[in-house]
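Undergrad:
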Amino acid sequence: LSLVEFSATSFVWPPHYLFVALGIGIAIAGTAIISQLIGSGDRAQAESYASHIFYFCLGLGVVFSVAGSVLSPSIVRWMGGTGDLGRHATTYLSILMAGFIFEMLYLAFFSILGAQGKTKITTIISASAAVLNAVLDPLFIFDRVPFIGIPGLGLGIAGAALATVLSQVIRVLLGVYAICSSHNEVRLKVRKVRFSGVQFGELIRKGFPTALGQASAALGFTLLNSEIVLYGDATMAAYAAVNRVASFDMQPTAGIGGALTAIVGQNMGAGQKDRVKAFNRTAFRYITAMAIAGSLLLWFLRYPALSLFIRETGPEADLVWRLSLDYMLFNALMTPAMGYFDAYTGIFSGAGYPKYAAYMSILRLWAVRLPMIWAFRYLTKLGPTGVWISMLASNIVIIIFAQILYRKERWLESPRIRA
7 LSLVEFSATS
17 FVWPPHYLFV
27 ALGIGIAIAG
37 TAIISQLIGS
47 GDRAQAESYA
57 SHIFYFCLGL
67 GVVFSVAGSV
77 LSPSIVRWMG
87 GTGDLGRHAT
97 TYLSILMAGF
107 IFEMLYLAFF
117 SILGAQGKTK
127 ITTIISASAA
137 VLNAVLDPLF
147 IFDRVPFIGI
157 PGLGLGIAGA
167 ALATVLSQVI
177 RVLLGVYAIC
187 SSHNEVRLKV
197 RKVRFSGVQF
207 GELIRKGFPT
217 ALGQASAALG
227 FTLLNSEIVL
237 YGDATMAAYA
247 AVNRVASFDM
257 QPTAGIGGAL
267 TAIVGQNMGA
277 GQKDRVKAFN
287 RTAFRYITAM
297 AIAGSLLLWF
307 LRYPALSLFI
317 RETGPEADLV
327 WRLSLDYMLF
337 NALMTPAMGY
347 FDAYTGIFSG
357 AGYPKYAAYM
367 SILRLWAVRL
377 PMIWAFRYLT
387 KLGPTGVWIS
397 MLASNIVIII
407 FAQILYRKER
417 WLESPRIRA
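Going by the working numbering, the first residue of the sequence shown is number 7, and it counts up by one from there.
(1) Expressed to the nearest angstrom, what Euclidean distance is found between the alpha-carbon atoms of Lys-100 and Leu-119?
(2) Based on the DSSP output, what are the partners of Pro-157 in its beta bridges?
(3) On the three-pair Cβ rule with 8 Å, is the stretch 187-203 touching the stretch 52-69?
(4) Would you decide whether Gln-174 is buried or exposed? Buried here means 16 or more other CB atoms lie within 10 Å of its CB.
(5) What's the call for His-189, buried or exposed, on a 16-neighbour Cβ count within 10 Å?
(6) Taking only the alpha-carbon atoms, compute the straight-line gap between Ser-323 and Ala-166 and give it to the nearest angstrom.
(7) In whole angstroms, give me the CA-to-CA distance for Ser-301 and Ser-396.
(8) Since Asn-337 contacts Pro-20 with CB under 8 Å, what's their CB separation in whole angstroms?
(9) Would you say Ser-212 and Ala-357 are within 8 Å of each other, going by their C-beta atoms?
(10) Report the residue from Leu-172, Phe-206, Arg-308, Ala-244 whose alpha carbon sits nearest the alpha carbon of Leu-329.
(11) Classify Ile-32 as helix, strand or coil using the three-state DSSP reduction.
(12) For Gln-409, which residues of its own chain have a beta-carbon under 7 Å away from its beta-carbon, when the five flanking residues on both sides are left out?
(13) Could you work out which residue in Ser-420, Arg-93, Gly-219 is closest to Tyr-23 when comparing CA atoms only?
(14) Give the DSSP-derived three-state secondary structure of Lys-195 in the structure shown.
(15) Which residues in the same chain as Ser-117 place their Cβ atom closer than 6 Å to its Cβ, once the five residues preceding and following it in sequence are excluded?
(16) Does Glu-318 come out as helix, strand or coil in the three-state DSSP assignment?
(17) Following the continuous alpha helix (DSSP H) through Arg-383, name the residue where it begins and the one where it ends.
(18) When DSSP labels each residue in this structure, what does Glu-53 get in the three-state scheme?
(19) Between the Cα of Leu-411 and the Cα atoms of Ile-368, Leu-314, Phe-354, which residue gives the shortest distance?
(20) When you compare the CB positions of Leu-405 and Phe-347, do they come within less than 8 Å of one another, or not?
(21) Taking 8 Å as the threshold (C-beta atoms), are Ile-107 and Val-68 in contact?
(22) With DSSP collapsed to three states, give me the class of Tyr-292.
(23) Taking three-plus beta-carbon pairs below 8 Å as touching, is the stretch 311-318 in contact with the stretch 244-253?
(24) Would DSSP call Leu-236 helix, strand or coil?
(25) Quick check: what's the CA-CA separation for Gly-158 versus Gly-203?
(26) Kindly give me the distance between the Cβ atoms of Ala-95 and Ala-14, rounded to whole angstroms, as I take these residues to be in contact under 8 Å.
(27) Quick check on this structure: which residue in Glu-109, Val-403, Phe-148, Pro-152 has the alpha carbon closest to the alpha carbon of Ile-131?
(28) Once DSSP output is grouped into helix, strand and coil, what is the label at Val-18?
(29) Using beta-carbon positions only, say whether Ala-217 and Gly-31 come within less than 8 Å of one another.
(30) So which of Gly-275, Ile-402, Ala-260 has the shortest CA-CA distance to Leu-371?
(31) Please work out which residues of its chain come closer than 8 Å, Cβ to Cβ, to Ile-234, disregarding the five sequence neighbours upstream and downstream, and give them in chain order.
(32) Which same chain residues, not among the five before or five after Glu-11, have their C-beta less than 6 Å away from its C-beta?
(33) Would Leu-388 and Asp-239 be called neighbours here (beta carbons separated by less than 8 Å)?
(34) Tell me the rounded alpha-carbon separation between Met-340 and Tyr-333.
(35) To the nearest angstrom, report how far apart Ser-8 and Arg-200 are at their CA atoms.
Dropping the structure here:
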C-alpha cells in the first residue's frame with residue numbers, strides 16, 4: 007500500500023469502532039452477567055442470557071452493516087477526508103461495514119466463552135484470524151506478492167478490506183466450533199428461544215454505560231484523527247504505523263484485562279471477595295512486568311518493526327520515519343498505563359460497575375487529551391509532538407483517576423450484578 011492508502015486504513019478506524027461500541031457494551035454486560043450466574047450455580051439462566059446476547063448481536067449486525075455501508079462516504083467527508091485520502095478511506099470503510107455482521111456475531115461468542123474464563127480459546131481464535139489476515143493481505147493487495155513472487159489479486163486498499171472481512175468470517179466459524187464443542191459449558195440455543203424483555207432490558211441497562219464510554223471514545227478518536235490530519239498525510243501515516251506495531255505489544259495485557267471481567271464476575275457471584283483482590287494484585291504484577299518488557303522490546307525493534315509498514319522511499323517517507331520514531335518513544339512510555347487501563351476496565355465491568363469504565367474512557371479523551379491537543383495547537387509550535395505529549399499525559403492522568411475509584415472499593419463492597 008502507498009503511504010496515503012495506509013493512512014486511510016487508520017483514518018477510518020474510529021468511525022468503524024463507533025459502530026462496534028454498542029456491541030462491545032452488550033458483550034461485556036453479557037460476560038459480567040453470565041459469569042456471575044455461573045459463580046452462583048444458576049446454569050439455566052446463564053444459557054438463557056447466552057441466547058439473548060446472540061440474537062441481540064445478530065440484530066445489531068444486520069442493521070449496522072446496511073447503515074454503515076450506505077453512510078461511509080458521508081462519514082469520511084464529515085471527518086475531513088478529501089482527495090486520495092478520502093477516496094481510499096471511503097472504499098476501505100464501506101467494505102469493512104458490509105462485513106460488520108461477522109464482527110457482531112463473534113462478539114456474542116466472545117462474551118459467552120469469556121464468561122466461562124475460556125480466554126485461551128478466544129485468544130487462539132483471535133490470533134488465528136490475525137495470522138490469516140496477515141497472510142491474505144499481500145495476496146489481495148498486490149499484483150505480485152512481495153518476496154515470494156506469486157501472482158496476487160492486485161485490489162489495493164479494497165483487497166486489504168476484503169482480507170479483513172474474510173478473516174472475520176473464519177473467526178466466526180471458529181467461534182461456532184468452540185461454542186458447539188464439549189469444552190463449552192454454557193449451551194447456546196438458537197431455536198425455540200423464549201425471549202424475555204427483562205433480559206434484553208438487563209443487557210441494555212448494564213451494557214449502556216460501556217457502550218456510551220466506547221462510543222464517546224470512538225467519537226473522540228474520530229476528532230483526534232481529524233486533528234492529526236491537519237498536520238499532514240505524513241503525520242497520519244506515522245500515527246498509523248506506530249499504532250499497528252504497538253497493537254501487537256499491547257495484546258498480552260489487553261488479554262489479562264479481558265480475563266479479569268470473568269474472574270471478578272464469577273468470584274463475586276460466589277461471594278469470594280478476598281479471592282477477587284488476590285487475583286487483581288496478581289494481574290497488576292503480571293501487567294507491570296509484561297508492559298515494561300513490551301515497551302523495551304518495542305523500542306529496541308523499532309526500526310525493523312516500522313519498516314514493515316513504511317516501505318516507500320523519498321523525502322515524504324523520510325518525514326514519516328522521523329515522525330514515527332518520535333511517536334514510538336511516547337508510545338513505549340504509555341504502554342504500562344494502557345495495560346492498567348484494560349485491567350481497571352475489566353475489574354469494574356466484572357463487578358457490575360461499567361459506569362466507572364465509561365468514566366475512564368470519556369474523561370481520558372474529552373477532559374484531558376483533546377483539550378490538551380487543542381491547547382498545544384493554538385498556543386505552541388510543538389506541531390505533532392503536542393499530540394504525542396497529550397496522549398501520554400491523558401493515559402497517566404486517567405490511571406490516577408482509576409486508582410482512586412479502585413481504592414474506594416465501592417465496586418467490591420456493593421457489586422451490582424442482579425440477574
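Glycine included, each C-beta is placed from N, C-alpha and C at the ideal position.
TA: Considering the structure as presented:
(1) Per the sequence shown, residue 100 should be read as Ser rather than Lys. Each residue's alpha carbon lies about 30 Å from the other.
(2) Arg-150
(3) yes
(4) buried
(5) exposed
(6) One detail in the question is off: residue 323 reads as Ala in this sequence, not Ser. Looking at the two C-alpha atoms, the distance is approximately 21 Å.
(7) 19 Å
(8) Between Pro-20 and Asn-337 the Cβ distance is about 17 Å, and since that is not below 8 Å, they are no contact.
(9) Ser is not the amino acid found at residue 212; the sequence shown has Lys there. Not closer than 8 Å, so no.
(10) Ala-244
(11) helix
(12) none
(13) Gly-219
(14) coil
(15) Ala-33, Gly-36, Thr-37, Ile-59
(16) coil
(17) 376-385
(18) helix
(19) Phe-354
(20) The question names Leu, but residue 405 is Ile in the sequence shown. In contact: Ile-405 and Phe-347 (Cβ atoms closer than 8 Å).
(21) yes
(22) helix
(23) yes
(24) coil
(25) 50 Å
(26) 4 Å
(27) Glu-109
(28) coil
(29) yes
(30) Ile-402
(31) Thr-241, Met-242, Tyr-245, Pro-390, Val-393
(32) His-94, Ile-163
(33) no
(34) 11 Å
(35) 52 Å
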